[in-house]
Amino acid sequence: MAIPYNHREIEEKWRKQWEAEPVNVDDGKKPKYYCLDMFPYPSGNGLHVGHWRGYVISDVWSRYKMLNGGHYIIHPMGWDAFGLPAENYAIQHGVHPAVSTAQNVANIKKQINQIAALYDWDREVNTTDPEFYKWTQWIFVQMFKNGLAYQKEMPINWCPSCKTGLANEEVVNGKCERCHSDVTKKNLNQWMLRITKYADRLLEDLDTLDWPEKVKKMQSEWIGRSYGAEVDFPIDGRDEKITVYTTRPDTLHGATFMVLSPEHALAKSLATPENVEAVEKYIAEAANKSNVDRMQSKEKTGVFTGSYAVNPLNKALVPIWLSDYVLADYGTGAIMCVPAHDDRDFEFAKKFDIPIIQVIAKDGKEIEDMTQAYTEASGLMINSGEWNGMESSTLKQEAPMMIEKMGYGRKTTNYKLRDWVFSRQRYWGEPIPIVHCPECGPVPVPEDQLPLLLPDVESYQPTGTGESPLADIADWVNTTCPCCGAPSKRETNTMPQWAGSSWYFLRYVDSKNKDALVSKEMAEKYLPVDMYIGGVEHAVLHLLYSRFYTKFLYDIGVVNFEEPFKKLFNQGMVCGRDKVTGAATKMSKSLGNIVSPDDIVRDYGCDSLRLYELFIGPPELDSIWDDRGIDGIYRFITKFWNLVMDNKDKGAAETKESVKLRNKMVYDITQRLESFSLNTVISGFMEYNNKMIDMAKNGGVDKETLKTAVVLLAPFAPHLGEELWRELGETGSVFHTVWPSADASAMKDDEVEIAVQINGKTKAVVTIGVDASKEDAIASAKEALGSKLAGTIVKEIYVPKKIVNIVVKPN
RNA sequence: GCCCGCGUGGCGGAACUGGCAGACGCGCAGGACUUAAAAUCCUGUUGUAGCGAUACAGUACCGGUUCGAUUCCGGUCGCGGGCACCA
């Protein structure tokens, strides 16, 4: 009897063998393929089967690229280890974050190694390693020198629970992205990164990327570019003017009022004596409203200032109102309102009884009882003086130039993207390498003094003032100016967690370089990333920041490419099932539905878990973990094992059938793999396995076919692949062979089964020659139908290899 | 509110450019082997009716295009995601 499948022995054996003799080696001649996983945060909870999924996908893809194309694979792993969980743990338990982080890294590394991925640990990086964050700081210094990092006193998003400032990208529905507390505003002097300077490039280069359309769209909307005009409205009776931004300058004649945000610089001064009380009250209320309140109040509110502005085109007086539906930090913080053609302005005008003037004809005429705004930019202009009769869509394009010529304003572009709030009032992050000198202002720490080490502190508690715990360390804070030597103070804020993750992928290819972030040689040889695999939750944040960093490093000549990730794949989550409702829920400690990979690897083996992670569903969609499903995978592996072991020495000859099956198998598996349909790759293996088992029962399976199947399966189940490859008499690693290619002529069938339909309903199935003529096909079909075919034949349809359909009318 | 995606057996899911709906797997039922159980193997498994061949219905719902629709078009409902007063 053949040796039974023993996953423990086999996997143990190959683990050791691969360690002694790695299969993925750079000989300097092979083409490179850089396949990157989003590096994990080393959490204390360890990995669950959901984390495995992305790592299995990337490893399968890496091994496939090694076999198909003979690539040297760059497949590194590292740790995104700065950040709040470790700091909060330190606050609670007094353990230095570096200590708990190191423990977690060691633990997770052990777990990750169970995946048997091709990770090259020589490349390992850790964002909290001074040798790494030296370069995180260095990039900041370069940004500072290039005018991209600047300080600003401004109301920022403040998370009262994390006690730190947040970037816009980190505020989700008015709540902190991390802890879900309501975000408030706070005035703080902050370090900002001028990401807006890159808005156009970040937007336009999206077209060059092989990324999911969804992610590109999200980034594009986040950047939010719009074209329009700024128009200057003189204030009636004063020398000043108010500038508004509009994307619909074509409707300028229909502006019947103007609204300023409560934070607008002129807001208070516009209040006439009889309105001053109400205006001040409104401004104060708006200032006290939290972000969440302001977003949730659906009803429009507002207050009239008593002042008027002059519409520059038709000289009409328009009342100036204040309302919190106008955002202070977008455009000019003031808008002209055309209630006839904007939903929000319409609602406001209705509520406060402001005239509505239609300036674009709908269906050629004026709307009689307007119940909602007409927001299309199509129709002829009316009530618009010299613009009457023009097509609004054309005018919309041309009006900015016309207004500019008339001297009433200028053509402009606006973005929703804001500069990046880059400082955090926390301990466990990269210190921002700046010294504040009373004489020289902010001065960067000289590059030869980097890294600026994060000092130890006595208490990790945030200070009561909202400053970083670093502010309490007098002998660290007090220093001298690197420029003039005057007594100065260090910046005490640290960088956000995104700082390290925005460029870590560059460091992997030259991770031990002491003199440069990455050498030109290594960068040119191994970068950029060919395939990036990770969760969709980073669609905007991390992926936008990384693109920004890469473009900056390109501009200063560090790298020779502008986009870091050529191809992106977002894998879905693995969910648990809610014990009561049965609904899919995210795996979490609190719900107690976490499945640990460790037990499964022990009981079923790494190869089984790898296959099951893929078989569970389409890789891009969320899936539900089912403990029982893996039994089916284990059965498949065992059956395949037995098939190979029973047939390898039988010497069965190749037959037409076996050659056809082999080629079809190669074709199907490769196709599905290339299109990333990994779940159907596995089901395909099962089908071909079943066919080969049938074949074995009827005489045996030839060795070449078995070998082909083993190679195809190897990227998915690498231990099994290596073991069976040797059992089939090979001496080298299965990963050093070549991915088979399918011979189309060998796959061709002589006969094919087609459905026979009457009026589109299948009534029979017939087998006919592949190249049968229409006449022959229909004759066979009629024969099969026999007496079922009744009535008058109206039409006969034959689609080769698919169907015969006979259209019949009853007599 | 706007934008995007999705809706198929008891469950996870298949079905390439419109062409035999439910591949593959789980579960379940029956059988074989066994003193017995596990493991393994075989058979069946969308629903309704029928011993049966078979017939009819069926891919969220309503309608359309087509010889033929899970697939295309219009509308409705439900679920998930993104944006959220960006003028």
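In numbering that gives the first Met the number 0, the protein residues as written are 0 to 810. Beta carbons are placed, not taken as given, at the ideal position from N, Cα and C, and that holds for glycine.
Asked, Found
"Could you tell me the distance, in whole angstroms, from the CA atom of Pro845 to the CA atom of Lys566?", "No information on residue 845 is available, as it lies outside the stretch 0 to 810 that the chain covers here."
"Please go through the same chain and pick out, in chain order, the residues whose beta-carbon is closer than 7 angstroms to the beta-carbon of Asp341, but skip the five residues on each side of it.", "Ala372, Thr374"
"Please state the DSSP three-state secondary structure of Gly720.", "helix"
"Which class does Met0 belong to by DSSP, given the choice of helix, strand or coil?", "In this prediction, Met0 scores a pLDDT of 48, lower than 50, which makes its location untrustworthy; no coordinate-derived value is stated."
"Just to confirm before moving on: does the CB-CB distance between Asp323 and Pro261 stay below 8 angstroms?", "yes"
"Could you round the C-beta distance between Gly164 and Asn156 to whole angstroms and report it? I think they count as a contact, below 8 angstroms.", "6 angstroms"
"Once the 5 residues before and after Ala97 are set aside, which same chain residues still bring their CB inside 8 angstroms of it?", "Thr127"
"Can you tell me where the beta strand (DSSP E) with Val806 in it begins and where it stops?", "802–808"
"Quick one: measure Cβ to Cβ for Val594 and Trp624, integer angstroms, because I've assumed they're closer than 8 angstroms.", "5 angstroms"
"Taking the DSSP output, what are the residues bridged to Tyr797?", "Val803"
"Taking Glu397 as part of the alpha helix (DSSP H), name the residues at either end of that continuous run.", "391–405"
"List, from N- to C-terminal side, the alpha helix (DSSP H) runs of 4 residues or more that fit wholly inside the region 742–769.", "743–746"
"What separation, rounded to the nearest whole angstrom, lies between the Cα atoms of Leu788 and Ala754?", "15 angstroms"
"Run the CB neighbour count on Gln141, radius 10 Å, all protein chains shown included, and call it buried at 16 or more, exposed below.", "buried"
"Leaving out the 5 sequence neighbours to the left and right, which residues in its chain are closer than 7 angstroms to Ile692 when beta-carbon positions are compared?", "Lys638, Leu642"
"So, at 7 angstroms on beta carbons, what are the nonlocal neighbours of Cys436 in its own chain, with the 5 sequence-adjacent residues on each side left out?", "Val442, Cys480, Cys482, Cys483, Ala485, Ser487"
"How should Thr791 be labelled, buried or exposed, when 16 other C-beta atoms within 10 angstroms of its C-beta is the threshold for buried?", "exposed"
"Please list the terminal residues of the continuous alpha helix (DSSP H) segment that includes Phe139.", "129–144"
"Could you tell me which uninterrupted alpha helix (DSSP H) segments, each at least 4 residues in length, are contained entirely in the region 343–374, listed from first to last along the chain?", "none"
"Tell me whether the beta-carbon of Ala651 lies closer than 8 angstroms to the beta-carbon of Val700.", "yes"
"Determine contact between the region 5–16 and the region 706–721, defined as no fewer than three beta-carbon pairs at a distance below 8 angstroms.", "yes"
"Considering only DSSP beta bridges, list what Gln570 is partnered with.", "Gly534"
"Give me, in chain order, the residues of the same chain whose beta-carbon lies closer than 6 angstroms to that of Glu795; leave out the 5 immediate sequence neighbours on both sides.", "Ile777, Ile805"
"Expressed to the nearest angstrom, what Euclidean distance is found between the alpha-carbon atoms of Ala198 and Lys415?", "10 angstroms"
"Go through its chain and collect everything with a Cβ distance to Ile2's Cβ below 7 angstroms, but skip five positions before and after it.", "Met644"
"Using a threshold of 8 angstroms, state whether the C-beta atoms of Gln113 and Pro461 are closer than that.", "no"
"What's the gap between the Cα of Arg576 and the Cα of Thr584?", "6 angstroms"
"Which ranges does the beta strand (DSSP E) cover as unbroken runs of at least 3 residues, wholly within the region 266–320, from first to last along the chain?", "302–309"
"Only counting runs of 3 or more residues, tell me where the beta strand (DSSP E) segments fall wholly within the region 41–98, in order along the chain.", "71–73"
"Arg200 lies in the alpha helix (DSSP H); which residues open and close that run?", "198–203"
"Thinking C-alpha only, which one of Ala783, Val658, Glu726 is nearest Ala743?", "Val658"
"Per DSSP, which one or two residues make a beta bridge with Phe256?", "Cys336"
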